[in-house]
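Step one of this worksheet: look at the structure below.
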Amino acid sequence: MAESAAAAAGRFRAGDRVQASRIDPAHHTRLPRYARGAVGTVVEGQGRYPLPDRRARALPAEPEPVYAVRFAAGELFGAGDHTVTIDLWESYLRPARSPEHQ
Amino acid sequence: MSGDHAGAAAPLAARVRHLEALLEQRGLVDAAELDRALAAFLARSSPANGARLVARAWRDEEFRARLLADANEALPELELSMGGGLEEQRLKVVANTPDTHNVIVCTLCSCYPLALLGPSPTWYKSEAYRSRVVRDPRGVLGEFGFVLDPAVTINVWDSSAESRYLVLPLQPAGTEDDDEAALAARVTRNGLIGVAPV
Numbered sequence: 001m002a003e004s005a006a007a008a009a010g011r012f013r014a015g016d017r018v019q020a021s022r023i024d025p026a027h028h029t030r031l032p033r034y035a036r037g038a039v040g041t042v043v044e045g046q047g048r049y050p051l052p053d054r055r056a057r058a059l060p061a062e063p064e065p066v067y068a069v070r071f072a073a074g075e076l077f078g079a080g081d082h083t084v085t086i087d088l089w090e091s092y093l094r095p096a097r098s099p100e101h102q
Numbered sequence: 103m104s105g106d107h108a109g110a111a112a113p114l115a116a117r118v119r120h121l122e123a124l125l126e127q128r129g130l131v132d133a134a135e136l137d138r139a140l141a142a143f144l145a146r147s148s149p150a151n152g153a154r155l156v157a158r159a160w161r162d163e164e165f166r167a168r169l170l171a172d173a174n175e176a177l178p179e180l181e182l183s184m185g186g187g188l189e190e191q192r193l194k195v196v197a198n199t200p201d202t203h204n205v206i207v208c209t210l211c212s213c214y215p216l217a218l219l220g221p222s223p224t225w226y227k228s229e230a231y232r233s234r235v236v237r238d239p240r241g242v243l244g245e246f247g248f249v250l251d252p253a254v255t256i257n258v259w260d261s262s263a264e265s266r267y268l269v270l271p272l273q274p275a276g277t278e279d280d281d282e283a284a285l286a287a288r289v290t291r292n293g294l295i296g297v298a299p300v
């Protein structure tokens, strides 16, 4: 369910550059493989939801921020002039230091 | 990419049937009650809902602004909601412009705004669509017979978490004087997913 921007505020803000984790876990995850390691830009926060990686293993999972993150096709696939916006839990993201991308 | 969607769903469907039978045996649920709940949900969910939303947004600038800012808040104005499941889902409406075109996919499974559009088309759940539209959206749209101007940028939205997406297409030229019902009749399910112009 939608929350106010303030309630949903987490570590990142719209416009922040972030890098998706390179993890390849043995368990369930909602971090798509094609986004792993890629650098993109936060479009918006979407509210807070429990991390599926923990929920799927019946572990305690406090709601955490989820963000829409936009990636250039070239960053994801090495080709293409489009963008792909992917919804990612905060645990999948870290700040990126590579402003030369996108 | 998870595996073949239909193949993976078959054992799950068998488990659901088994669980339902056990619950009925023990008197915990009434089969007729489940059927009524399902029928009521399906009666409410249809692409006609999405078409009504789009037609209203074309006719009413202020509604359009509210819909794009917070779709869940705007839906009740048309007596619609993203409820129907266990909890209300967040809806994000993304508007096409003369410069940008939006396309929706769920690469990990088949997330889709069921409450507004009804059951998703079979191709939406296919591995071919899910894997290819993020890599080559222009090529995939071409296979739907939709050739976009090369100058138009494509934004693909992968609904990989808890939000569901709906495309607000561009209003066709020459329909400025049409009423809402006539406008809604022009909107297709594929247009609401982004694989057709309208």
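Chains as they are written, first to last, in the numbering used here: chain A, 1 to 102; chain B, 103 to 300.
Glycine included, C-beta positions come from ideal geometry on N, C-alpha and C.
- Using a CB distance cut-off of 8 Å, B/Trp160 does not count as an interface residue toward chain A.
- By the rule that beta-carbons nearer than 8 Å mark a contact, A/Ile23 does not touch chain B.
- Those residues of the segment 236-261 of chain B placed with their C-beta closer than 9 Å to a C-beta in chain A are Val236, Arg237, Asp238, Pro239, Arg240, Pro252, Thr255, Ile256, Asn257, Val258, Trp259, Asp260, Ser261, ordered along the chain.
- Within the DSSP secondary-structure output, A/Pro65 pairs in a beta bridge with A/Arg48.
- With a threshold of 8 Å between beta carbons, A/Gly80 makes contact with chain B.
- Ranked by how close their Cα comes to the Cα of B/Leu140, the residues B/Ala217, B/Cys208, B/Ser262 have B/Ala217 in first place.
- Bounds of the alpha helix (DSSP H) holding B/Asn292 are 291-295.
- For B/Ser265, at least one C-beta of chain A is nearer than 8 Å to its own C-beta.
- Pairing B/Tyr267 with A/His27, the inter-Cα distance amounts to about 27 Å.
- With a beta-carbon spacing of about 5 Å, A/Ala20 and A/Ala38 fall inside the 8 Å limit used to define contacts.
- Straight through space, the alpha carbons of A/Pro52 and A/Ser91 are spaced by roughly 11 Å.
- For B/Arg192, a Cβ of chain A is located within less than 8 Å of the residue's own Cβ.
- Note on the segment 160-234 of chain B: whole beta strand (DSSP E) runs with a minimum of 3 residues are 192-197, 202-207, in chain order.
- The C-beta of B/Leu155 comes no closer than 8 Å to any C-beta of chain A.
- Contact of A/Pro32 with chain B is assigned, a C-beta pair being separated by under 8 Å.
- As the crow flies, the alpha-carbon of B/Tyr231 is around 42 Å from that of B/Arg128.
- The beta carbon of A/Gly80 sits closer than 7 Å to those of Ala73, Gly74, all from its chain and outside the five residues before and after it, given in chain order.
- Take the alpha-carbon of B/Asn204 and the one of B/Ala157: they are about 18 Å apart.
- Interface with chain A (8 Å Cβ-Cβ cutoff): B/Thr209 is included.
- Residues of the segment 83-99 of chain A with a C-beta atom less than 8 Å from some C-beta of chain B are Thr83, Val84, Thr85, Ile86, Asp87, Leu88, Trp89, listed in chain order.
- The straight-line gap separating the alpha-carbon atoms of A/Ile23 and A/Arg36 is approximately 7 Å.
- A contact is defined here as three or more CB-CB pairs under 8 Å, and the segment 277-289 of chain B fails this definition with respect to the segment 225-245 of chain B.
- Look at B/Ala298 here: in three-state DSSP terms it is coil, with no helix or strand label.
- Contact annotation, B/Leu180 with B/Arg154: C-beta distance approximately 6 Å; criterion of less than 8 Å satisfied.
- B/Ile256 and B/Arg240 do touch by the CB rule: their CB atoms are close to 6 Å apart, below 8 Å.
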